[in-house]
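Asks: Could you have a look at this structure, given as structure tokens, before my questions?
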Amino acid sequence: MRKISLLTLCLFALLAQVSAQVPVEKVVGVWETYDDKTGKAESVVKIFKATNGMYYGKLLDIYDEKVRASYCTKCKGDDKDKPVVGLIFMREMKIEGDVLRGYLLDPSSGNTYYGAVSLVDENKLKLRGSLDRKGVLGRTQYWKRSK
Numbered sequence: 007m008r009k010i011s012l013l014t015l016c017l018f019a020l021l022a023q024v025s026a027q028v029p030v031e032k033v034v035g036v037w038e039t040y041d042d043k044t045g046k047a048e049s050v051v052k053i054f055k056a057t058n059g060m061y062y063g064k065l066l067d068i069y070d071e072k073v074r075a076s077y078c079t080k081c082k083g084d085d086k087d088k089p090v091v092g093l094i095f096m097r098e099m100k101i102e103g104d105v106l107r108g109y110l111l112d113p114s115s116g117n118t119y120y121g122a123v124s125l126v127d128e129n130k131l132k133l134r135g136s137l138d139r140k141g142v143l144g145r146t147q148y149w150k151r152s153k
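Under our numbering, the first residue of the sequence shown carries the number 7, and numbering increases by one thereafter.
This is the structure we're talking about:
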């Protein structure tokens, strides 16, 4: 009887943990980005789900006026010389478990990195950009949902 009670308790604890997790689909919306070193607010990003089922992120606004007026001069292909505001920089993000994985374009360097996006909670997002798919060589930013 004691084993059944313990098993039942463990099962309820596991279910509570699973139900407490925020579904990754809830990344859709408008987010305020912050510099990972200074913590200063930098920009506003809209994450959306496209008709192809993948997720993308678009820069809606940048708080630094000089950067807001800049162009993606180091980018390649169709993004070359496009305004940074309005640029789709998160690309082809697919759900893999509780994470979105895809690609991130850095407009300042023109480089593309592997990206992983997950939700810490309903109003906080974790973005990891890296050189490798596993995310070992990279850096992390935390964003807050815009109100």
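Backbone N, C-alpha and C fix where the C-beta goes; we use that ideal spot for every residue, glycine too.
What alpha helix (DSSP H) runs, 4 residues minimum, are completely inside the region 66-120?
Replies: 71-74
Asks: Looking at the strands, I want to know which residues DSSP matches up with Asp127.
Replies: Lys130
Asks: Strictly by DSSP, which residues pair up with Gly63?
Replies: Ile53, Met96
Asks: Nearest to Tyr69 by CA position, among Cys78, Val50, Gly135, is which residue?
Replies: Val50
Asks: Alpha carbon to alpha carbon, how far is Asn58 from Gly83? Give it in angstroms, no decimals.
Replies: 21 Å
Asks: Given that a residue counts as buried once 16 or more other Cβ atoms are within 10 Å of its Cβ, and exposed if not, what is Thr44?
Replies: exposed
Asks: Of all the CB atoms in chain C, is at least one closer than 8 Å to the CB of Tyr40?
Replies: No chain C appears in the structure shown, which is made up of a single protein chain.
Asks: Might you give, ordered along the chain, the residues of its own chain that have their beta carbon closer than 7 Å to the beta carbon of Lys140, omitting 5 neighbours on each side?
Replies: None.
Asks: Within this structure, are the beta carbons of Ser152 and Glu38 separated by less than 8 Å?
Replies: yes
Asks: Cβ atoms of Asp87 and Cys78: under 8 Å apart, would you say?
Replies: yes
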